[in-house]
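Numbered by my numbering, the letters in the sequence shown go through residues 131 to 638 in order.
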Amino acid sequence: MIRSFILVAGLTVFLFTSFDALAKRKAKKQYFNQTELAIPFDPTHPILTANFLAGEHQELLVMGQNKNGQKLVTVLVFNQQAKEYVALEPIVLPDNAVAFDLLTNKNGIDELLLLSAQGLSTLNFEARLTKPLASIQSIYLNSSPQFIAPKKLVKDINGDQLDDIVVTNFSNQTIFVQKLSGEFEKVSLPIKATVDMSQNDISFSEPRVFNIDTNFDQRTDLVTFKDNQMVSYEQTQDGLFSSIPNTISLPNEISALPWWSIRGADGESVDQSQLEHRMVETIEDINGDGISDLMVKQTQSSGVLDRQNNYEIYYGKNQQGILYFNSEVDTRISAEGTLSGLQIIDVNDDGRKEIMVSSFDIGVSQIIGALMSGSIDQDVYLFTLDEKDKFNAEPLFSEEVDLNFSLSSGRSGQPVILSADLNGDGLNEMLLSANEERLAIYTGKADEEMFESRAKRHRLQLPKDGSMLSASDLNNDQSDEIIVRYGKQDDEKDRRKIIILTAKVSAN
C-alpha cells in the first residue's frame, strides 16, 4: 500500500514537473513578453499613444463609455517605481462633442482636440481641464451626437513642425495655423465640402486635402482634387496660404470621387456591367526622388461579381517649376482578385516605398464557400520597386490569411496585417494572424528578400477585428510595442483589458 502511494505520488510529481517544464518551454518560445492592463470602462475607440504628461514613456489614451452611457476618457500612465501602467481617474467628455483628434501644443504636450457643432476646445490631461479654443462653422451640426468620431482635424499644413487645425464648412475650409506663441491664425480657403446626392438623400463630407510642394519653392502647398484637375493653394512666405487657386491637369480621366458616388441624370448609380473608373488614391513621394507622385485606383467591372482593382502610379516631374505628370502610367500594381487594404510603407527605411495590399475573390463559388465556412481566403502581397522604379509584377512577399464574418451578428472580422520595427534595427517585421490564437511574425532582413521566409510565433487570443492591433514605440527605445484591445465581437471578459506585447531580446 505504501509502495503504491509512493508510486502514485512519484507519478504525480513527475506529471506536474513535466507540465511545468512544458509550460516553461512554451513560454520561452513566445516571441513577445506580454503585459495585461485593466481598464475601468468599456473602450469604444482605437487606443492612442502620445505625450500627454511629459513622462519618459508614451501614455495611452482610452476612450469609451460607462453603464450610464456617458462618454469617458482616461490616460494610462507608466509608473516608474512599479514599472507598470496605471489608469488615471476617467474624465467625462462633453455631450456635444462630435469628433476628436490629438493636438500638440507649443510646449510639446499632447492634448485632446474636441469638435462640436459650434466650436473647438482642448482637454489638457495634466490640468484635467477643457478650455475653448475657437468658435467655428462646420458641416457637423449635431448638437447631441450619439457617439464621438475620430477625425483627421490636426495636420502640419505648412511644414513648420507645429500642429494646425482644419475644419470643413459647406462653402469653405477653415485652417487655424499655429504660431510659435501657441496662438492660432485663421485662414479660409474656398474648398467646399464634398456632396453626395441621390434621389432621396444628400450628405456632406470633408474633401480630401493633401500637403505637397507643387511649385518647388521648398514650401508645402494645400492640394485638393476635382475631376481631371489638381487644385493647389500655394503657401505664402508668412506660412499662410493664397486663396487664389492654381490648377494642374491630371493624366487620363481621373475622378476625385469613388465610382459609387457618381450619379447619372436619373440620380442612380453607374452601371457596373461595363465600368472603368479611375480615382485619386493619394499623392506622395513613392520612388524617393523628393517629388510627389500620383497614385490612382483603377476599377474595372463587368458585373457585381466580376470586379478588379489595380493601382497606377504616375511619377511627378519638375517642368519649369511646376509639378507635372506624364499621360502614360509609369508603373502599376496588379494581382488576381479584388485588391483592398492599401498600405504605403517603407520597410527598410531607404526612402523608397513598398506597397502592401490584400486580395480576395468574390466569385459565386467563393461566396458559397464563404457562407459555409464563415471565412474568405485573403492574400497579403508586398510589392517592391526595382532599379528602374518599376513595381515588380510578382510580389516579393505573399501569405494567406482568413477574413472571418458572422451571419448571425452581421459583423465581419479582419485579419491582422501589420508592419512594425519590433527590435529597433531599422527594418520592419511583418505581423499576420496565423489563426484566432496565434500571431505569425516574419523578421525583417537587410537584403533583397526583406523578410525571413519562416515565421516566428506568438500564442495570444486575437481580437476578431485585427485592426485593433496597433504599433507604437512606448518607451522611446526605437523598437515598437504592439498594443492589443478587444471589442464587441470578442468575449465579454476580454473587453476591459489592453495587452502590450514587447519583443524579447532573443527575438532580435
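The beta-carbon is built from N, C-alpha and C at its ideal position, and this holds for glycine as well.
Quick caveat, the model's predicted, so the values are computed rather than measured.
With a cut-off of 8 Å on the beta carbons, I'd call Gly420 and Asn345 a contact; round off their distance for me. Actually they are not in contact, since the Cβ atoms of Gly420 and Asn345 sit about 14 Å apart, beyond 8 Å.
Between which two residues does the beta strand (DSSP E) holding His407 run? Boundaries of the beta strand (DSSP E) harbouring His407: 405-414, taken from the DSSP string.
Which value, in whole angstroms, describes the spacing of the CA atoms of Glu458 and Tyr444? Cα to Cα, Glu458 sits roughly 7 Å from Tyr444.
Across the stretch 306-322 and the stretch 376-385, are there enough close Cβ pairs to call them in contact, namely three or more that are closer than 8 Å? Under the Cβ criterion (8 Å, minimum of three pairs), the stretch 306-322 does not count as touching the stretch 376-385.
Mapping DSSP to helix, strand and coil, what is Glu622? Looking at Glu622 - three-state DSSP - the assignment turns out to be helix.
Report the partner residues of Tyr454 according to the DSSP bridge assignment. Looking at the DSSP assignment, Tyr454 forms a beta bridge with Lys447.
Do Phe521 and Thr461 count as a contact pair if the criterion is CB distance below 7 Å? Yes, the pair counts as a contact, with Cβ atoms nearer than the cut-off.
Residue environment, Ile630, which counts as buried when at least 16 other CB atoms sit within 10 Å: Burial call: buried.
Give the DSSP-derived three-state secondary structure of Met486 in the structure shown. Met486: strand per DSSP, three-state reduction.
Using three-state DSSP, classify Gly556 as helix, strand or coil. Reduced to three states, the DSSP call for Gly556 is coil.
In the DSSP output, which residue or residues are listed as bridge partners for Ala257? Answer is none; Ala257 lacks a bridge partner.
When the distance is taken between beta carbons, is Gly369 closer than 7 Å to Asn288? It is a contact, given that the beta carbons lie within the stated cut-off.
Starting from Arg349, follow its DSSP beta bridges and name the residues at the other end. Under DSSP, no beta-bridge partner is assigned to Arg349.
Gly84 versus Ser422: straight-line alpha-carbon distance, rounded: Outside the displayed span of the chain (131 to 638) sits residue 84, for which this structure offers no information.
Lys159, DSSP secondary structure in three states: Lys159 falls in the helix class under three-state DSSP.
Report the start-end ranges of each beta strand (DSSP E) in the stretch 292-355 that is 3 residues or longer and not cut off at the edges. Within the stretch 292-355, complete beta strand (DSSP E) segments of at least 3 residues are found at 294-298, 303-308, 314-319, 324-327, 332-335, 340-342, given in chain order.
For the beta strand (DSSP E) holding Gln359, just list the boundary residues, first then last. Gln359 -> beta strand (DSSP E) spans 359-363.
Proximal residues to Ile269 (C-beta, below 8 Å), its chain only, five neighbours per side dropped: Counting only Cβ-Cβ distances below 8 Å, and skipping sequence neighbours, we find Thr298, Asn299, Phe300, Ala323, Phe334, Ser335, Glu336.
Can you tell me the Cα-Cα spacing of Phe149 and Lys159, whole angstroms? Confidence at Phe149 is low in this model, with a pLDDT of 44, below 50, so the placement of that residue is unreliable and no value is reported for it.
When DSSP labels each residue in this structure, what does Ser391 get in the three-state scheme? Ser391: helix per DSSP, three-state reduction.
Rounded Cβ spacing between Asp610 and Leu552 (contact assumed at less than 8 Å): Correct: roughly 6 Å between the Cβ atoms.
Within 10 angstroms of its Cβ, does Pro320 collect 16 or more other Cβ (buried), or is it exposed? Exposed, since its Cβ has fewer than 16 Cβ neighbours within 10 Å.
Between which two residues does the beta strand (DSSP E) holding Ser602 run? That run of the beta strand (DSSP E) goes 599-602.
Could you give the residue range of the beta strand (DSSP E) that holds Asn376? Start and end: 376-379.
So, are the CB atoms of Ala109 and Ala279 less than 7 Å apart? There is no way to answer for residue 109, as the model of the chain reaches only from 131 to 638.
Give me the residue from Val400, Thr174, Gln430, Leu244 with the minimum Cα distance to Pro262. Out of Val400, Thr174, Gln430, Leu244, the CA that lies nearest to the CA of Pro262 is found in Leu244.
Candidates Ile613, Leu512, Leu469, of which the one nearest Phe162 by Cα: It is Ile613 whose Cα lies nearest to the Cα of Phe162.
Nearest CA to the CA of Leu191: which residue from Gly249, Phe255, Gln210, Thr165? Here the closest residue by C-alpha is Phe255.
For Asp532, which of Gln508, Glu622, Glu517 has the nearest alpha-carbon? Nearest option by C-alpha distance: Gln508.
Which residue or residues does DSSP assign as beta-bridge partners of Leu424? Bridge pairing for Leu424: Ile413, Tyr444 [DSSP].
Comparing alpha-carbon positions, which option in Gln438, Leu352, Asn605 lies nearest Ile374? Residue Leu352 is the option with its Cα nearest to Ile374.
Inter-residue Cα distance where the pair is Val284 and Arg258: Pairing Val284 with Arg258, the inter-Cα distance amounts to about 21 Å.
Span of the beta strand (DSSP E), counted from its first residue to its last, around Val614: Note, Val614: beta strand (DSSP E), 611-614.
Mapping the DSSP letters down to three states, classify Gly249 as helix, strand or coil. In the three-state reduction of the DSSP assignment, Gly249 falls in the strand class.
DSSP three-state label for Gln267, please. Reduced to three states, the DSSP call for Gln267 is coil.
Length of the line joining the Cα atoms of Glu442 and Met409: The alpha-carbon of Glu442 is positioned some 10 Å away from that of Met409.
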